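**Q** First residue of the sequence shown: 6, per this note's numbering; consecutive thereafter.
Sharing a structure here in structure tokens format.
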Amino acid sequence: MSFIHTIEPEQASGEVQAMYRRQQAHFGYLPNYARVFCHRPEVMANWGALLGSIRRHVDPRRFELVTLAAARTLGNSYCALAHGQALAGLLGTPQLEAILEGPDTLSAAEREMMALAAKVADDAAGVTQADIDRLRALGIGDDEIFDIVAVAAARAFFTKVLDGLGAQADVAYRELAPELREALTVGRPIATGNDLEEISLEQPAAGP
């Protein structure tokens, strides 16, 4: 599931156990990405705080579109699958499939937002004033432009931690429709086997 050794749930204590419990409570299983943060659970907590501070200013549809654009450009299957699934929940699978084939079904503003997010993810130094001015011309304010860039930049941090440590998307994503799964698996393959391990939320902390 990753290139590094991680702490097994039954051996977890303190902040690691608390992190594992939060993640399982949310997903119903312990996701692979949480395991690689076991050596620095405070980084996971700070990542969550950073992401929360960014996304609370962004409409859910916009957040998912921009995140998906960044994740696909970054070649990270885990985030592309997760946020593709979230977008399907918001828009429906047929519309997501149409977006993945091409952005023509989106508004001009949404197309430019996704283009900026992809450019930030690919080569932030290549962003030009013209890129920003196109969004302004479509009625997007500078505060909103900041949000788009921040979403894409934050996603670059998270995806590079996961890919750098070899974390694979959870086997649960194999339950997606084959066409969606294939389109969203843009990097490392989805994990195989039974890695949807549940841990008791009432288990006593390991160790002293």
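Cβ coordinates follow ideal geometry from the N, Cα and C atoms, glycine included.
Small disclaimer: the values here were computed from a predicted structure and weren't measured.
#1: What number of angstroms, rounded off, separates the C-alpha of residue 159 from the C-alpha of residue 63?
#2: What's the call for residue 82, buried or exposed, on a 16-neighbour Cβ count within 10 Å?
#3: DSSP three-state label for residue 36, please.
#4: DSSP three-state call for residue 143: helix, strand or coil?
#5: Is the CB-CB distance between residue 48 and residue 7 below 8 Å?
#6: Tell me the rounded alpha-carbon separation between residue 9 and residue 126.
#7: Leaving out five residues on either side along the sequence, give the residues of the same chain with a beta carbon under 8 Å from the beta carbon of residue 150.
#8: Look at the alpha carbon of residue 50 and the alpha carbon of residue 111, and state the distance between them as a whole number of angstroms.
#9: Taking all protein chains shown into account, do 16 or more other C-beta atoms lie within 10 angstroms of the C-beta of residue 45, making it buried, or fewer, making it exposed?
#10: May I have a chain-ordered list of the alpha helix (DSSP H) segments no shorter than 4 residues that lie completely inside the segment 104 to 171?
#11: When we look at the beta-carbon of residue 95 and count the other beta-carbons within 10 Å, is it buried (16 or more) or exposed?
#12: Classify residue 36 as buried or exposed, calling it buried when 16 or more other Cβ atoms lie within 10 Å of its own Cβ.
**A** Judging by the given coordinates:
#1: Taking the first residue of the sequence shown as position 1, residue 159 is located at position 154. Taking the first residue of the sequence shown as position 1, residue 63 is located at position 58. Roughly 14 Å between the two C-alpha positions.
#2: Within the sequence shown, the letter at position 77 stands for residue 82. Buried.
#3: The count along the sequence shown starts at 1 and reaches residue 36 at position 31. Of the three classes helix, strand and coil, the one that applies to residue 36 here is coil, per DSSP.
#4: Along the sequence shown, read from residue 1 onward, the residue named residue 143 stands at position 138. Residue 143 falls in the coil class under three-state DSSP.
#5: Here residue 48 refers to the residue found at position 43 of the sequence shown. Here residue 7 refers to the residue found at position 2 of the sequence shown. Cβ atoms of residue 48 and residue 7: not closer than 8 Å.
#6: Position 4 of the sequence shown, counting from 1, holds the residue named residue 9. Position 121 of the sequence shown, counting from 1, holds the residue named residue 126. Computed Cα separation, rounded: 26 Å.
#7: Walking along the sequence shown from the start, residue 150 turns up at place 145. Around residue 150: 121, 137, 140 and 141.
#8: Reading the sequence shown from its first residue, position 45 is the one you call residue 50. Reading the sequence shown from its first residue, position 106 is the one you call residue 111. Near 34 Å, if we compare the C-alpha coordinates of residue 111 and residue 50.
#9: The residue labelled residue 45 in the question sits at position 40 within the sequence shown. Result: exposed.
#10: 113 to 128, 134 to 142 and 147 to 169
#11: As a first step, residue 95 must be located in the sequence shown, where it is residue number 90. Residue 95 is exposed by the Cβ-count criterion.
#12: Your numbering for residue 36 matches position 31 in the sequence shown. So residue 36 ends up on the buried side.
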